[in-house]
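Visitor:
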Amino acid sequence: MPHYTSYDGTELAYRVLEARDGSAGPPLICLAGGPGRSAAYLGDLGGLNAHHTLVIPDSRGTGDSPPAVDPSGYAFPGLAEDLEALRRHLGLARFPLLAHDAAAATAQAYAAAHPERLARLIVVCPGARLQGELPEDAREIFESRADEPWWQEAYTAVQLLPDTTDLAEVRRLLLRAAPMAYGRWEEPQRAHAESEGEQLGPVPRAGFWQGVDEAGRRAVLARLREVPCPVLAITGDRDAVTGMRAGELVAESFPDGQARALPGVGHYPWVDDPDLFRQVVEDFLGTHRPTP
2 MPHYTSYDGT ELAYRVLEAR DGSAGPPLIC LAGGPGRSAA YLGDLGGLNA HHTLVIPDSR
62 GTGDSPPAVD PSGYAFPGLA EDLEALRRHL GLARFPLLAH DAAAATAQAY AAAHPERLAR
122 LIVVCPGARL QGELPEDARE IFESRADEPW WQEAYTAVQL LPDTTDLAEV RRLLLRAAPM
182 AYGRWEEPQR AHAESEGEQL GPVPRAGFWQ GVDEAGRRAV LARLREVPCP VLAITGDRDA
242 VTGMRAGELV AESFPDGQAR ALPGVGHYPW VDDPDLFRQV VEDFLGTHRP TP
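Under the working numbering, think of the first position of the sequence shown as 2, with each following residue one higher.
1. Measure the beta-carbon distance from Thr243 to Cys126 and round it to whole angstroms, keeping in mind my assumption that it falls under 8 Å.
2. With distances taken Cα to Cα, identify the nearest neighbour of Ala105 among Gly35, Pro189 and Pro116.
3. I want to know whether the segment 35–47 touches the segment 163–174 - three or more CB-CB distances under 8 Å.
4. Hey, how far is the Cα of Ala103 from the Cα of Arg206?
5. Just mark Gly208 as buried or exposed, buried being the case when its beta carbon has 16 or more other beta carbons within 10 Å.
6. Taking C-alpha atoms, which residue in Gly26, Pro68, Gly23 and Val17 lies nearest to Ser7?
7. Assuming Pro116 and Val251 form a contact by the criterion Cβ under 8 Å, report the distance between their Cβ atoms to the nearest whole angstrom.
8. Does the separation of the CB atoms of Leu225 and Ala100 fall below 8 Å?
9. Taking the beta carbon of Val282 as the centre, do at least 16 other beta carbons fall within 10 Å, making it buried, or is it exposed?
10. Counting pairs of Cβ atoms below 8 Å between the segment 180–189 and the segment 208–220, do you hit three or more?
11. In terms of DSSP beta bridges, what is Thr107 paired with?
12. Spatial neighbours of Ser24 within its chain, please: C-beta separation below 8 Å, excluding the five flanking residues on both sides.
13. With a CB to CB cut of under 6 Å and the five nearest residues on each side skipped, what residues in its chain are close to Ala234?
14. Ordered along the chain, which non-local residues of its own chain (more than five positions away) have a Cβ less than 6 Å from that of Phe143?
15. Hey, quick one: how far does the beta strand (DSSP E) through His4 stretch, first residue to last?
16. Is it the case that the Cβ atoms of Val204 and Gly62 are separated by a distance below 8 Å?
17. Relative to the alpha-carbon of Leu201, which residue among Leu168, Trp210, Val232 and Gln211 has its alpha-carbon at the smallest distance?
18. Using a Cβ-Cβ cut-off of 6 Å (strictly less than) and excluding sequence neighbours within five positions of Gly258, which residues of its own chain qualify?
As structure tokens, this is what we get:
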């Protein structure tokens, strides 16, 4: 894997998926969430490399990137500065950015600090912790699926996870709870979920929100009102992890933000409906004419 040197001299890893059609446009940088999860779970994001080169970094302490020397390096403002170092390494004046799940916080911190560098921003199934809210619709979506065969086992796992410290048991419970993150529970979803436990880094995960106080959170939100680029929040109407309302709140934080809920998909829309996900992203990026 190629590497780049970040602000503190750390060599961080990233992978490149070249555009299959030979497009020479600016790459789409794609950030993995978790937090603290190896970016391998993004795959090719439902074939987004058909018309776009994808640059997919592993954040500190995940995948092929080394751990942070200072714990603050795991917090999302520090990860945003790693992204800025990657931009400089790639020689990009402006670029489109896609961020999934918790990485939406990293993307917002980057947008607040470097608004002139973003051409477009896509956040996929974000939470709204940075907005200071925890919407209830994810729980409502989960409860609405109580007639599905996996539901009772997933419900029990969700109740046990907060108090479980043994890593092997955490991984077992994550797999039992996994169906709630998908629009349906079939072979592609099962295969995708199998890797989650091994891809999570407990230390980067624990450090993601550390050291960000209320004043810092509000300062980021205030600066988002000055970000000029178009922003799209993609959510899934079966996402029982972050729901749909959080994406709406993130979109509302920007002057040119919009939210779009995709039908029949959960927290990983490129797994549930790769064709729909790819079309929505490509339309927003201007790859094709927008569909009605």
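Ideal placement from N, C-alpha and C gives every residue a C-beta, glycine not left out.
Keep in mind that this is a model prediction, so the values were computed, not measured.
Guide: To lay it out plainly:
1. Taking the sequence shown and counting its residues from 1, the one referred to as residue 243 is at position 242. Taking the sequence shown and counting its residues from 1, the one referred to as residue 126 is at position 125. Contact holds; Cβ gap of about 5 Å.
2. To locate residue 105, count along the sequence shown from 1; it is residue 104. When each option's Cα is compared against that of Ala105, the closest is Gly35.
3. no
4. Taking the first residue of the sequence shown as 1, we reach residue 103 at position 102. Taking the first residue of the sequence shown as 1, we reach residue 206 at position 205. Near 10 Å, if we compare the C-alpha coordinates of Arg206 and Ala103.
5. Here the question's residue 208 lines up with position 207 in the sequence shown. Counting Cβ neighbours within 10 Å, Gly208 comes out buried, since at least 16 surround it.
6. Counting from 1 along the sequence shown, the entry for residue 7 is found at position 6. Minimum Cα distance to Ser7 is reached at Pro68.
7. Residue numbering aside, residue 116 sits at position 115 when the sequence shown is read from its first letter. Residue numbering aside, residue 251 sits at position 250 when the sequence shown is read from its first letter. Between Val251 and Pro116 the Cβ distance is about 16 Å, and since that is not below 8 Å, they are no contact.
8. Within the sequence shown, residue 225 is the residue found at index 224, counting from 1. Within the sequence shown, residue 100 is the residue found at index 99, counting from 1. The answer is no: Cβ separation not under 8 Å.
9. Taking the sequence shown and counting its residues from 1, the one referred to as residue 282 is at position 281. With 16 or more Cβ atoms within 10 Å of its Cβ, Val282 is classed as buried.
10. no
11. Translated into positions along the sequence shown, residue 107 becomes position 106. In the DSSP output, where bridge partners are listed per residue, Thr107 has none listed.
12. On the sequence shown, position 23 is the one that residue 24 refers to. For Ser24, where only same-chain residues beyond five positions count, the Cβ hits under 8 Å are His52, His53 and Thr54.
13. As a position in the sequence shown, residue 234 is number 233, starting the count at 1. Val124, Gly248, Val251, Ala252 and Ala260.
14. The count along the sequence shown starts at 1 and reaches residue 143 at position 142. Within the same chain, Phe143 has close Cβ partners Met181 and Ala241.
15. Residue mapping note: residue 4 aligns to position 3 of the sequence shown, counting from 1. From DSSP, the beta strand (DSSP E) with His4 extends over His4 to Thr6.
16. Working through the sequence shown from its first residue, we reach residue 204 at position 203. Working through the sequence shown from its first residue, we reach residue 62 at position 61. In this structure, Gly62 lies closer than 8 Å to Val204 by Cβ.
17. Sequence index remark: in the sequence shown, residue 201 carries index 200 (1-based). Minimum Cα distance to Leu201 is reached at Leu168.
18. Taking the sequence shown and counting its residues from 1, the one referred to as residue 258 is at position 257. Here the set comprises Val232 and Ala252.
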